[in-house]
């Protein structure tokens, strides 16, 4: 499993949920290992058969959702700001993580809900339960995110029986997705070993988010400049003002000073947010580069091991041939 994806993906979920990160896995942790029973051989055979039927395209294997992973905490913050209830957000993120969907998929899902809620002007109740139902039906990725636009009604509470049925479906899907992750990673390693490159997914959404942050920063800077300029004008007028005019100017000065302080704090908060994103991206890049170096060394080691194995087989064959020739020679 790729440890760099683990810490980044699990960390993104933790930040989005405002909970400490738990566990390490290539993508969000799947279900716990199944305890062996007398039916284990049949289960293993069925599992191997299912795994053999999994098909991964080159495009899917090479898609790198690291930008969506980085954006997940920001998408969650946008959803909160749009009015998505914390309980719904937490349930949606938890079910995607438990079933084994990536943080990138969760990011697209949450971002769509944030946009839809902002356009509606209010949150539709039961977003978390709706996600649980859709994920249990087998929906994931872009298909699941796109369906959010069609959600117009609140999601009703589930009965105990409905919840149990959903849990059984989600548990089964978690095992399927774990097998699919294994296949995807195998395919990705094969393609990377052949010299193909990963392709950044969700680049457009990430760039729009960056532009939004930059625009917010520029707007705050401009507003702060206007406040500072107006304060200078007031201070110049106060030098000669008296009576009611002086009282009015002093009141406006006090109001603008308070506004300036709020703008400074907002600008500082935004700068910290941008710095945090830059740091996260740098750390992710370093981890990816280190992991790729490790994979290269591992590939080289495997090739050397294969060469030795082939050399042994060849030497054994030559020895057997020589022995055969010796036995066939006239005495």
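Residue numbers (mature numbering (1 follows the signal peptide of the UniProt record, and there is no 0)): -25 to -1, 1 to 306. Yeah, the Cβ is synthetic: ideal placement off N, Cα and C, and Gly gets one too. The structure displayed is predicted, hence computed values, not measured ones.
Got a sec? Which residues, its chain only, sit under 7 Å from residue 129 by beta carbon, not counting five neighbours each side? Result list for residue 129: 99, 100, 101, in chain order.
Report the partner residues of residue 38 according to the DSSP bridge assignment. For residue 38, DSSP records a beta bridge to 174.
Under the rule that 16 or more other beta-carbon atoms within 10 Å means buried, what is residue 146, buried or exposed? Residue 146 should be labelled exposed.
Residue 31 (DSSP reduced to helix, strand or coil): Here residue 31 sits in coil by DSSP.
Return helix, strand or coil for residue 297, following the three-state DSSP convention. Note: residue 297 maps to helix in three-state DSSP.
If you run the structure through DSSP and keep just helix, strand and coil, what is residue 129? In the three-state DSSP reduction, residue 129 falls in the coil class, being neither helix nor strand.
For the putative contact between residue 216 and residue 224, defined by C-beta atoms under 8 Å, what is the C-beta separation to the nearest angstrom? With 8 Å as the limit, residue 216 and residue 224 qualify as a contact, their Cβ atoms being about 6 Å apart.
I want to see whether chain B comes within less than 9 Å of residue 138, judged by CB atoms only; does it? Absence of chain B from the displayed structure is noted, only one protein chain being present.
Given a cut-off of 9 Å on the beta-carbon distance, is the pair residue 42 and residue 178 in contact? Yes. Within cutoff.
From the DSSP output, in three-state form, read off residue 71 for me. Under the three-state reduction of DSSP, residue 71 is assigned to helix.
Report, in whole angstroms, the separation of the C-beta atoms of residue 315 and residue 166, which I expect to be a contact under 8 Å. Examination of residue 315 is not possible in this model, given that the chain is present from -25 through 306 alone.
Same chain only: Cβ atoms within 7 Å of residue 234, ignoring 5 sequence neighbours per side: For residue 234, the CB contacts under 7 Å within the same chain, skipping 5 residues up- and downstream, are 202 in chain order.
Could you say which of 120, 159, 54 lies nearest to residue 92 if we only look at CA atoms? In terms of Cα proximity to residue 92, the closest of 120, 159, 54 is 54.
Could you pull out every unbroken beta strand (DSSP E) segment of at least 3 residues lying fully inside the segment 197 to 240, listed in chain order? Here no run is fully enclosed.
Using the C-alpha atoms, what's the distance from residue 112 back to residue 28? C-alpha separation (whole angstroms): 20 Å.
Would you call residue 88 buried or exposed, if buried means 16 or more other Cβ atoms sit within 10 Å of its Cβ? By the 10 Å Cβ count, residue 88 comes out buried.
Cβ separation of residue 114 and residue 127, assumed to be a contact under 8 Å, to the nearest whole Å: The pair is not a contact, with the Cβ atoms about 17 Å apart (cut-off 8 Å).
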